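Chemist: Following this message is one structure expressed as structure tokens.
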Amino acid sequence: MKTKKYIIAICTLLLLATSCMKDFLEEEVFSNLAPSNFYQTEADALAAVSAVYNNFQFYGNEWWNAGNAYMCMTDASTDIMYTNWFAAFENYTYNSSTLEILQCWNWCWNTNNNANIAIGRLPGITMNEELKSRLIGEAKFLRALNYFNMVRFWGDVPYIDYEIKGFGDIHQVTRMPKADVYLKIIQDLQDAITVLPVSYNAAADAGRVTKGAAKAMLGKVYLTRGWGGGPANINTTDLQLAVDEFEELMTTPYTYALAADVRDVFDYTKENNPALGHIFSVQYSTGISSEGSWLAQNMQAYELENAWWGYPAPESWVQGSGGYEINWVGGWDPVPVDLRLMYLWENYNWWYYWCKKWRYENYIGWADHPQNYTLLRYADVLLMHSEALNELKAAPDAEVVASINMVRTVAGVAVYNPGDWTKATFREEIQNERNRELWGEGHSWFDYTRKGMLVSRMVAAGVDPTLVTTKNNLYPIPQTEIESNPNLGPQNTGW
286 MKTKKYIIAI
296 CTLLLLATSC
306 MKDFLEEEVF
316 SNLAPSNFYQ
326 TEADALAAVS
336 AVYNNFQFYG
346 NEWWNAGNAY
356 MCMTDASTDI
366 MYTNWFAAFE
376 NYTYNSSTLE
386 ILQCWNWCWN
396 TNNNANIAIG
406 RLPGITMNEE
416 LKSRLIGEAK
426 FLRALNYFNM
436 VRFWGDVPYI
446 DYEIKGFGDI
456 HQVTRMPKAD
466 VYLKIIQDLQ
476 DAITVLPVSY
486 NAAADAGRVT
496 KGAAKAMLGK
506 VYLTRGWGGG
516 PANINTTDLQ
526 LAVDEFEELM
536 TTPYTYALAA
546 DVRDVFDYTK
556 ENNPALGHIF
566 SVQYSTGISS
576 EGSWLAQNMQ
586 AYELENAWWG
596 YPAPESWVQG
606 SGGYEINWVG
616 GWDPVPVDLR
626 LMYLWENYNW
636 WYYWCKKWRY
646 ENYIGWADHP
656 QNYTLLRYAD
666 VLLMHSEALN
676 ELKAAPDAEV
686 VASINMVRTV
696 AGVAVYNPGD
706 WTKATFREEI
716 QNERNRELWG
726 EGHSWFDYTR
736 KGMLVSRMVA
746 AGVDPTLVTT
756 KNNLYPIPQT
766 EIESNPNLGP
776 QNTGW
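So for the sequence shown, our numbering puts the first residue at 286; every next one is plus one.
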């Protein structure tokens, strides 16, 4: 999966398939690539689904940079290098005309269309039926993941489950209520679960969606919907559904586990391994044009001690409220207790720590970083399991802390005693542990918005309270899109 065959061909095909000039030239030249003569063979089916996966490389590159990196950075500091590129996001001065929001919107729709093409055209191909069903399941998972991001970003969004061939297919679309979009997402994931395998045997299939990935994503969807935006809107039925999905992943036939060494999780030579907690990742390669990870490259503190490029967290966050456990020797020498700080961060001139989850010593050029972008890993599932249980119970108990304590044990820090916490205080502490475990992996903004923590957490991080408000729980619909199609209005509240 790291090297995706047929990508150039399928991308060319998709340009043809979406052209609004199909009536201008009616002649079809069958010696060339065209929609009518492409979707014929098993290889074509594989290429069509690979095109959807390929879009998620942009998800891990540009989407992450424009859509979520700033949140992890703001958690760490309000004075970092990231402001050179996306200060509007870090400072909460972005608006409906901000280019990156439009780009994110466009990437989402491009991915949707590739998925819809695969889902719509594969049934007509004569090929192995089991493989066909699996490929359609993969595409449905990817479409569900994409819509899950969209509904979290924008709330009500148009739901299009057909191939877009021209402007006439979309110019009058309206936004579907997010409650209905969630039903579509859940159905796609449930469909995927029924046809996807628990694992793959062929090395060439490494990185493909598995049944476990679909169940983990379904659990996260239930968890998000169950929060309803904050503790006052909890839906216990959804939270229990989330718990059920997470607990299935903790038993056979699934073999997910936590890595004994925290460094192994981010070792690019050990990727796609359930025993190290990998569930689903966007795949990247080195030595192949444009197949490397921009995310990993941008996050890496290049040449660390002499870095001009990278993302630091100041000592005040690392050791402060919610930060990693650390000891001081002689009052000035920070000695990490938490193994995540010891091994996944670099102590840089005492005050700053450079995140080195994405450290790649052989980096030689732009977009040549091979490390995958992990979207789902077992530690995330365990933390979400404790999170859901905490909200389902009157107060933390042994069951609530069991999963989160598995993560803390690997990190080498003391486990939680449920008697030390109330439901409300442990809610905040679970988020602190998520920040420590998942820093830089693109979860924070989604965590904060589903729990109603965004404003309080960002103000505490130093953001001007007049700039970050409840309106920031959603992105604005890009203004140019509303101008092109007024049916996308009204604009999200506050924008």
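Note that beta-carbon positions come from the ideal geometry of N, C-alpha and C, so glycine has one too. All figures in this text were calculated on a predicted structure; none of them were measured in a lab.
Alpha carbon to alpha carbon, what distance is there between Gly725 and Asp360?
Modeler: Any reading at Asp360 must be qualified, since the residue scores a pLDDT of 48, below 50, and its modelled position is unreliable; the value itself is stated next. Whole-angstrom Cα-Cα distance: 10 angstroms.
Chemist: In whole angstroms, give me the CA-to-CA distance for Leu752 and Tyr467.
Modeler: Distance between the alpha carbons of Leu752 and Tyr467: 30 angstroms.
Chemist: According to DSSP, is Val567 helix, strand or coil?
Modeler: In this structure, Val567 counts as strand in the three-state DSSP scheme.
Chemist: If you draw a straight line from the C-alpha of Met738 to the C-alpha of Gly440, how long is it?
Modeler: Their Cα atoms are separated by approximately 17 angstroms.
Chemist: Which first and last residues belong to the beta strand (DSSP E) in which Thr751 is found?
Modeler: Unbroken run through Thr751: none, as it is neither H nor E.
Chemist: Note down the Cα distance separating Pro443 from Arg742, rounded to an integer number of angstroms.
Modeler: Going by the C-alpha atoms only, they are around 31 angstroms apart.
Chemist: Could you name the residues of the same chain whose beta carbon sits closer than 7 angstroms to that of Leu430, not counting the 5 residues immediately before and after it, in chain order?
Modeler: Same-chain partners within the cutoff: Met502.
Chemist: In three-state DSSP terms, what is Asp364?
Modeler: Reliability of the predicted coordinates at Asp364 is poor, the pLDDT of 39 falling under 50, and no value is obtained from them.
Chemist: Could you compute how far the alpha carbon of Ala489 sits from the alpha carbon of Gln568?
Modeler: So the two alpha carbons sit approximately 12 angstroms from each other.
Chemist: From Ile715, Ile519, Ala560 and Asn413, pick the residue whose C-alpha is nearest to that of Pro538; which is it?
Modeler: Of Ile715, Ile519, Ala560 and Asn413, the residue nearest in Cα terms is Ala560.
Chemist: Going by alpha carbons, who is nearest to Gly779 out of Leu759, Glu768, Ile767 and Pro771?
Modeler: Here the closest residue by C-alpha is Leu759.
Chemist: Once the 5 residues before and after Asn674 are set aside, which same chain residues still bring their CB inside 7 angstroms of it?
Modeler: Checking the displayed sequence, the identity of residue 674 turns out to be Leu instead of Asn. Closer than 7 angstroms at the Cβ level, and outside the excluded window around Leu674, lie Val528, Glu684 and Val685.
Chemist: Ignoring anything shorter than 4 residues, give me the alpha helix (DSSP H) runs that lie fully in the stretch 604-686, in order along the chain.
Modeler: Counting only runs of 4 or more, we get 624-629 and 663-677.
Chemist: Does the Cβ-Cβ distance between Arg625 and Arg735 come in under 8 angstroms?
Modeler: Going by C-beta atoms, Arg625 is not nearer than 8 angstroms to Arg735.
Chemist: Suppose the cutoff is 6 angstroms on Cβ atoms and the five residues either side in sequence are ignored; what does the same chain contact list for Thr509 look like?
Modeler: Taken in chain order, the residues that qualify are Arg735.
Chemist: Quick test of your reading: Ala542 and Gly562, contact by CB under 8 angstroms. State the CB separation rounded to the nearest angstrom.
Modeler: Indeed they touch by this definition, with Cβ atoms about 7 angstroms apart.
Chemist: Near Asp476, what residues of its chain come up, given a Cβ to Cβ distance below 7 angstroms and the 5 sequence neighbours on each side ignored?
Modeler: Within the same chain, Asp476 has close Cβ partners Gly422 and Lys425.
Chemist: Cα separation between Lys621 and Asn612?
Modeler: In the sequence on display, residue 621 carries Pro and not Lys. Their backbone Cα atoms lie some 6 angstroms apart in a straight line.
Chemist: What runs of the beta strand (DSSP E), each 3 residues or longer, lie entirely inside the stretch 466-525?
Modeler: DSSP runs (the beta strand (DSSP E)) wholly in the stretch 466-525: none.
Chemist: Pull up the distance between the alpha-carbon of Glu768 and that of Asn391, whole angstroms please.
Modeler: Taking the straight line from one Cα to the other gives about 15 angstroms.
Chemist: Using beta-carbon positions only, say whether Thr755 and Val740 come within less than 8 angstroms of one another.
Modeler: In this structure, Val740 lies closer than 8 angstroms to Thr755 by Cβ.
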